[in-house]
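Numbering (my numbering), first residue to last: 230 to 416.
Take a look at the structure:
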């Protein structure tokens, strides 16, 4: 066993080995290879593309899934690429350059996506974490007619002589990590 020092990118190295047995027989073997040095991490990008809005300082609320753009590349090629959703890996094709849009189905509440890529020279990188929120719980709407002097309740029916009435509306979003009320309207 021995070591050959590589000092520059794309260096051609030749290794010759002589072997002798006890009887004095000699064998020589020579191999020549071009070796490339790659000390750089792969280039990676991970970005949410859908939905594209922010509510209450939290970004990317969705009812079940989000679309995320995945990109990676490396001069040495890639031997492993995994997209993680909440800590569980999803294997990606290792052909470079890689560009795809993946649909991730999260769980109710906070979700985290991250890309991990290892190149053929064993350099590896984790992308920045991308946080998104899933809110599957419908908001609750409350309508109140009885808080007015012009409407009278009689036998479960409401009566008025006015041509307009005031309707009191209140909303609540009771989910595990609620997105908040975006808008309320009378339809």
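For each residue, glycine too, the CB sits at the ideal point set by N, CA and C.
**Study point:** Straight-line Cα distance separating residue 350 from residue 360
**Key:** Stepping through the chain shown from its first residue, residue 360 is reached at position 131. Stepping through the chain shown from its first residue, residue 350 is reached at position 121. Whole-angstrom Cα-Cα distance: 30 Å.
Review point. Taking the DSSP output, what are the residues bridged to residue 301?
Key: For this step, residue 301 is matched to residue 72 along the chain shown. Answer is 273, 327.
Exercise for review: Identify, in the order they occur along the chain, each residue of the same chain with its Cβ nearer than 7 Å to the Cβ of residue 401, setting aside the five sequence neighbours on each side.
Suggested key: Sequence index remark: in the chain shown, residue 401 carries index 172 (1-based). Same-chain partners within the cutoff: 368, 369.
Review point. Is it buried or exposed for residue 244, if we count other Cβ within 10 angstroms and need 16 for buried?
Key: Position 15 of the chain shown, counting from 1, holds the residue named residue 244. Exposed, because fewer than 16 other Cβ atoms sit within 10 Å of the Cβ of residue 244.
**Study point:** residue 360 (DSSP reduced to helix, strand or coil)
**Key:** Translated into the one-based positions of the chain shown, residue 360 becomes position 131. Here residue 360 sits in strand by DSSP.
Exercise for review: Please classify residue 422: does DSSP put it in a helix, a strand, or coil?
Suggested key: Missing from the structure shown is residue 422; the chain here goes from 230 to 416 and no further.
Exercise for review: May I ask you to report which of helix, strand or coil DSSP gives residue 265?
Suggested key: On the chain shown, position 36 is the one that residue 265 refers to. Note: residue 265 maps to coil in three-state DSSP.
Exercise for review: Can you give me the Cβ contacts of residue 335 inside the same chain, cut-off strictly under 6 Å, excluding the 5 residues immediately before and after it?
Suggested key: Position 106 of the chain shown, counting from 1, holds the residue named residue 335. Taken in chain order, the residues that qualify are 363.
Point to revise | Cα-Cα separation between residue 255 and residue 249, rounded to whole angstroms | key: Walking along the chain shown from the start, residue 255 turns up at place 26. Walking along the chain shown from the start, residue 249 turns up at place 20. Each residue's alpha carbon lies about 5 Å from the other.
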